[in-house]
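Working notes, beginning with the structure itself.
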Amino acid sequence: METALYLAMGWCGTKYPGWWRRFWKNPPPPPDPEPWWTITIIGIGLVAGVAGGTFFSTAIYGNQFFSGQTAVASGLFAFGASNVITGVASVFRN
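Heads up: the sequence shown runs through residues 24 to 117, numbered per the working numbering.
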């Protein structure tokens, strides 16, 4: 169940390709005829979520500060890891 939580948090933390363009107020680009980049970004987000959640869960195992809240804290870390990794990866598209 932890892995399912990390996958869900990784999916939710995935940034859509071209998310940073909204800061320059450019019109959105037309949709890609081939969605391979979007699928790749989602896959990267899922892997980053599972890796980040698992890493954080094992790092805080037995820590008194997180007692009883390991799943919640690891899920939030999975969300953040996915958000950062997919944000960086989506910038390299263009």
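Glycine included, C-beta positions come from ideal geometry on N, C-alpha and C.
In this structure, the beta-carbon distance from I83 to A74 does not fall below 8 Å.
Closest by C-alpha distance to G110, out of M24, K38, L30, is K38. If you look at Y29, you'll find it in the alpha helix (DSSP H) that goes 25 to 35. At the C-beta level, G72 and M32 come within 8 Å of one another. A27 sits exposed, since fewer than 16 C-beta atoms from the chains shown fall within 10 Å of its C-beta.
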